[in-house]
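Working notes, structure below.
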Amino acid sequence: MFFYFIICFTYAAITKKSLKDLYSKYLEIDFEVESGSATGLLKEQNNMFYQLLYQKGFDEKTIKTDNILLIWLQGGPGCSSQSAFYELIGPFHIVKSDADFIIEKKNNSWNDFASILFIDQPFGTGFSQGDILINSTLKASAYFVEFMVEFFKVHPEFGQAQTYLTGFSYSGHFVPFFSNCLLASDIKFNYKGIIIGNGLQSVINQISSISSYLYINGYLSQEQKQISQKKENQIQSMILKYQEKQAGAAFTQYSKDLEKLTKTDLSNILLKHYAKRSNDWISFINKYKDKFGIQNNITEVCNQQVKQQMESDFSFDLTKQIQELLQKGTILFYDGQMDASINHAGTLSWISSLQSEYIHQWKSEKKSIFKFEGRTVGNLKKTQKFTSVIIYNAGHTATFDQPQIIYQMMKHHLNNDYNWS
């Protein structure tokens, strides 16, 4: 499965630039920020863009070997990881003014406790470009692994860092598969685990909970639920018949039909309309693209063409990869309670079916309450290897809906705390 990683990579290289002076024009910072691109991956014409955000108080020379490195892979597929940098978990919020830009400091930045690598992938996503058509997680993984080969060459200081791969949504595909690929490669690094929010890992198992979730929450009648269940069964049948492209297109259309029927946003049923995040950071990068070392401009966070070309990948099942990763590190799955599209009940049902001694241990554990400042903000079930968390009053993008709570969750998990009250 991983035979192609023994290729001798000689053409690829990373060009990097410090962005500390650029950001310091707008506000004072005590940490390094770097942008860069890996070019020539797999000896092809391409570039893979990233930003590296150092933990507060650190730079390339002062970072400690036991620090934490989080590798953020945005979902979509086709959505830029830079949106997570500016709108979800990073220290900056950019607002466009009449004359220039205003950069505001954000609370609850994950670089309080870790360095974070934000990668735009696959090609066509964000500021990453390439001639090749990426239509699967498998194909994307080869370029990601070579990118990481080059990254550790120019950043040996992270070779011993406690490394986690993380993201949400379609990252449920990227994160586990890429992790297994890294572990199967010759790269020497300190792998610790994966962290995924509302992740799509097994469509064939997770899809059957959507109609039930909407029915229980009052968005579907009994008759509408039964009709929806038939559509879910049809998609499952397509997957079993290896009709991946048809299944992917049907899954996308099914979600659109349900939103029209229920008049709600499946990603957060509390919202009647999608809560738009600010994308002024796109204009900021486009303006300073020379300083970022990029060639192309973008206008949207997500490239719909990338999503369409990967529709046949939606049904790719990650069950085997998750079971393997339980042997190699820790896993944290967290879900926003208000997400109908990839909901907690469906994820728990799928997890409970995994054949793993670690899952059997997890199933026997009792739930505990997740509290913050005296408020109950969720619940969790935790073992040494596997943790599942549900976040109250949050949807598909829990990092946006409840940034302070997710921040606390990350600190608890990385500290291996058992008491989250």
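Numbering (full-length UniProt numbering), first residue to last: 1 to 421.
Using N, Cα and C, we set each Cβ at its ideal position, and we do this for glycine too.
_Burial state of Met48 (16 or more Cβ within 10 Å)_ = buried
Ordered list of alpha helix (DSSP H) runs contained in the segment 362 to 419, each at least 4 residues: 398 to 401, 403 to 414
Query - Three-state class that DSSP yields for Asp335 in the structure shown - result: strand
Point to revise | 8 Å contact criterion, which Ala114 and Gln74 should meet: CB distance rounded | key: No, Ala114 and Gln74 are not in contact; Cβ-Cβ is about 17 Å, not under 8 Å.
Quiz item: Taking C-beta to C-beta, are Val389 and Phe333 nearer than 9 Å?
Solution: yes
| message | Between Lys25, Leu22, Lys64, His396, which has its C-alpha nearest residue 422's C-alpha? | response | Past the boundaries of the shown model lies residue 422; the chain is included only from 1 to 421, so the question cannot be answered.
Report task. Measure the CB-CB distance between Ser80 and Ile298 and report whether it falls below 9 Å. Result -> yes
Of the listed residues Glu365, Leu380, Ser83, nearest to Gly126 (C-alpha basis): Ser83
Return the CA-CA distance between Lys64 and Phe400, expressed in angstroms with no decimal places. 30 Å
Phe152, enclosing alpha helix (DSSP H) - first and last residue = 137 to 154
Practice prompt. Measure the C-alpha to C-alpha separation of Leu11 and Ala140 and round it to an integer number of angstroms.
Written response: This sequence places Tyr at residue 11; Leu is not what is there. Between Tyr11 and Ala140, the C-alpha separation is close to 18 Å.
Span separating the alpha-carbon of Gly248 from that of Phe316
10 Å
What does the alpha-carbon distance come out to for the pair Ala38 and Ala13? 5 Å
* Count the other CB atoms, across all protein chains shown, that sit within 10 Å of the CB of Ala398; report buried if there are 16 or more and exposed otherwise. => buried
What is the DSSP secondary structure of Ile102, counted as helix, strand or coil?
strand
Sorted by chain position, which residues of the same chain lie with C-beta nearer than 7 Å to Ile204's C-beta, five sequence neighbours on each side aside?
Gln236, Ile239, Ser315, Asp317
Legend entry - Nearest neighbour of Asn198, chosen from Cys181, Asn379, Gly167 [CA to CA]: Gly167
Practice problem: Report the three-state DSSP secondary structure of Glu34 (helix, strand or coil). | Solution: strand
Taking the straight line between their C-alpha atoms, what separation do you get for Lys366 and Leu380?
9 Å
field: At least three beta-carbon pairs within less than 8 Å, the segment 86 to 94 to the segment 184 to 194
entry: no
### Task
Could you spell out where the alpha helix (DSSP H) holding Thr347 opens and where it closes?
344 to 352
(Q) Quick check on the burial criterion: 16 or more other C-beta atoms within 10 angstroms. Buried or exposed for Glu300? (A) exposed
Range of the contiguous alpha helix (DSSP H) that encloses Val306:
304 to 309
Considering only DSSP beta bridges, list what Tyr191 is partnered with.
Thr163
Around the Cβ of Gln404, are there at least 16 other Cβ atoms within 10 angstroms (buried) or fewer (exposed)?
exposed
- Do Asn343 and Tyr213 have their CB atoms nearer than 9 Å? yes
My output table needs one value for Val175: the three-state DSSP class, helix, strand or coil. helix
Query raised in the report: Between Tyr26 and Ile102, is the Cβ-Cβ spacing less than 9 Å?
Result: yes
| task | Using 10 angstroms around the beta-carbon of Asp120, count the other beta-carbons present and answer buried if the total reaches 16, otherwise exposed. | result | buried
query = Three-state secondary structure (DSSP) at Thr252?
reply = helix
- Task: Return the Cβ separation of Gly40 and Lys16 in integer angstroms, given the expectation that the two are a contact with Cβ distance under 8 Å.
- Result: Going by Cβ atoms, the distance from Gly40 to Lys16 rounds to 15 Å, so no, they are not a contact pair.
### Message
Between which residues of its own chain and Ile406 is the CB-CB distance below 6 Å, once the five residues before and five after are set aside?
### Response
Ala398, Thr399
Comparing alpha-carbon positions, which option in Ile116, Ser209, Leu42 lies nearest Phe144?
Leu42
| field | Bridge partner(s) assigned by DSSP for Lys263 | value | Beta-bridge pairing links Lys263 to no other residue.
**Q.** 4 or more residues per run - each alpha helix (DSSP H) lying fully within the segment 52 to 133
**A.** 82 to 87
*Can you tell me whether DSSP reads Asn46 as helix, strand or coil?*
strand
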